[in-house]
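Structure first, commentary second.
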Amino acid sequence: MFSEQAAPTAQGLLAPPTAEPPIFPRLAVAGYSDCSQPFQLGERSFSRQYAHIYAVRLATMRPGLEQRARGRWGNDIALRRLSELQEGEKCCVVGTLFKVMQLQPSILQEISEEHNLVPQPPLPKYIQPCDELMLEDELQRIKLEGAIDVQRLVTGTIVAVYGCEQDDGRFLVEDHCFADLPPPLPWSGPSSNRFVLLASGLGLGSVSGEALLSTQLLVDVVTGHLGAEGEQSCAAHITRVILAGNLLSQNTQSRDTINKAKYLTKKTQAASVEAVKMLDEILLQLCTSVPVDVMPGEFDPTNYTLPQQPLHRCMLPLASAYATLRLVTNPYQANLDGVRFLGTSGQNISDIFKYSSMDDYLEILEWTLLAGHISPTAPDTLGCYPFYKSDPFILTECPHVYFCGNAPHFQSKLLQGKEGQRVLLVTVPDFSATQTACLVNLRDLSCQPITFSSFGADSED
Amino acid sequence: MEQSRRITDSFPRRRRRGPGRPPGRLKDKKDKDKDKVQLKVKVRDCPRAPSQPPPDPALMEMLRRFDLSWEYGPCTGITRLQRWERAQELGLSPPGPIRDALLEHRDNPDVTY
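Residue numbers (this note's numbering), protein chains in the order written: chain A, 1 to 461; chain B, 1 to 113.
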């Protein structure tokens, strides 16, 4: 859409400037409300164990799953708990999955001195053919086998299985189902073209400065400093920019200073200090023109466990003077002009990628939506705050746009649900590697990538 | 500085210690009714008011049964009131008298679990 409107006016660049420069006012934000209160932690107490979050997850999702099971396998199926199972009886059980993986990094194995093992290096995938699936409910657990894809599923998913118990104590699964798409939200999107720019993985502070030019080009296009009048008028339709994590690069996480002696590291500054200054200047340029939502990511200076709390505004003194800068949590949920956005910086998807045979980030994103939970592997393999009262990662309403940041490449898909849900799934690529950002059109939920490569043949899509 | 301060002013002598007590407790527990309450207790923030009537053993038994019932989820690390309210929100219908008892004895630290 950009290039169609922009190309005819490109000749305007070769003409002398007009007496009255045209002004393109940016479309004002019609409605914005932040819905990520469940992800904001007030007081933090780590004196609890993680059993609470699993218990709450199961108790909250059980009624929905029982309803789905009845709808799928008949109203008169027997819903049993594991303690009430009888051998040979066909019944349905709702529980939490646990995948027994040999290669799963275990702290106990690492510090075990008897084995004298070198700690396992991080692998891209930890799955193995001999992994097993167990189903756990409040009291017992049972091994699952049968029509269930062990490699594909991950720990922490709430699932309903239909089958019967064998005489050797295993449960033979004939069919299984997940929570499926949550109930839809009413649609009140805009009637004219309005765009939201999604970018992630700016990777500031990295050793190579290749992405800096592309980042500057991105900022210039959004603020209207680049291009002819056609491009500027298109950029005026961008109502918001969401930066989905990893604003700092992985290089800023220098671990050497921890291991080196104090006298060697006395005068050195943490690499993240320079990177945050650069981020502040970039955000300043953006905030003077467009509202920006900044989500923290894996390498950003905030807490490690999900949900990540917003970056502190003292780190961004220049940019936080503007009210257009919003520092938000990861995961982030908000209503923009009547369209519900929900997204993460990608840690949940990449964690599922490591422990499942699914390779495609878009497939994993769709699967989390169908499983009804943003990150089922938390707290098993992904750090998570020990919630006790409610699990905020359970999807209770179906968002209109569901995105994840820091994916290897850009992908998008419009998913249609049975109850009329329409979800746009977007995997936002890592900007420092691909120099690509995404433009989501709020009117018709379409998405197009926009690439800022320096030496490429086509610079804009 | 007062002259005649003794160590037993700040750390009263305790004659009886239950089997499950952790050794070396620094928190000051003024006149706790140890003979009434033999449950395993953790270090608490709010000391019990000195003029508290001792809790009813039948009440403690009811609270203990509430703790051990598996339907309401794990009981460690949260107060009984928090657990009751969580069970209520999840629709598990915990018994009402428990909540009344918990609110009645709000300043009794044995209500915390």
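Even for Gly, the Cβ is constructed at its ideal location relative to N, Cα and C. Computed from a predicted structure; not experimentally measured.
If the cut is a Cβ gap below 7 Å, which residues of chain B does residue i touch?
i             : result
residue 48/A  : 77, 78
residue 138/A : 70
Report the three-state DSSP secondary structure of residue i (helix, strand or coil).
i             : result
residue 237/A : coil
residue 54/A  : helix
residue 89/A  : coil
residue 23/A  : coil
residue 75/A  : coil
residue 171/A : strand
residue 394/A : strand
residue 412/A : strand
residue 428/A : strand
residue 287/A : helix
residue 405/A : strand
residue 334/A : strand
residue 359/A : coil
residue 344/A : strand
residue 80/B  : helix
residue 108/B : coil
residue 441/A : strand
residue 422/A : strand
residue 60/B  : helix
residue 446/A : strand
Any beta carbon of chain B sitting closer than 8 Å to that of residue i?
i             : result
residue 179/A : no
residue 55/A  : yes
residue 52/A  : yes
With DSSP as the reference, identify every bridge partner of residue i, one or two as the case may be.
i             : result
residue 199/A : 243/A
residue 95/A  : 159/A
residue 176/A : 161/A
residue 451/A : 436/A
residue 134/A : 98/A, 143/A
residue 184/A : 398/A
residue 293/A : 242/A, 326/A
residue 33/A  : 335/A
residue 204/A : 248/A
residue 306/A : 384/A
residue 80/A  : 93/A
residue 312/A : Its beta-bridge partners do not exist; DSSP assigns none.
residue 373/A : 394/A
At a Cβ threshold of 8 Å, is residue i touching chain A?
i             : result
residue 96/B  : no
residue 102/B : no
residue 57/B  : no
residue 74/B  : yes
residue 51/B  : The predicted position of residue 51/B is uncertain, since its pLDDT is 49 and thus under 50; no value can be drawn from it.
Taking 7 Å as the cut-off, is the C-beta of residue i nearer than that to any heavy atom in the ligand ADP?
i             : result
residue 193/A : This structure lacks the ligand ADP, and indeed carries no ligand of any kind.
(request) Pull out every residue of the segment 381–408 of chain A whose Cβ sits closer than 9 Å to any Cβ of chain B, in chain order. (result) 386, 388, 389, 390
(request) Closer than 9 Å, Cβ to Cβ, to anything on chain B: give me those residues from the segment 23–48 of chain A, in chain order. (result) 45, 47, 48
(request) Below 7 Å between beta carbons is the criterion; list the residues of the segment 58–75 of chain A that meet it against any residue of chain B, in chain order. (result) Along the segment 58–75 of chain A, going in chain order, the ones with a CB nearer than 7 Å to a CB of chain B are 59, 60.
(request) With 9 Å as the limit, tell me which residues of the segment 80–91 of chain B have their beta carbon closer than that to any beta carbon of chain A; keep them in chain order. (result) 82, 83, 85, 86, 87, 89, 90, 91
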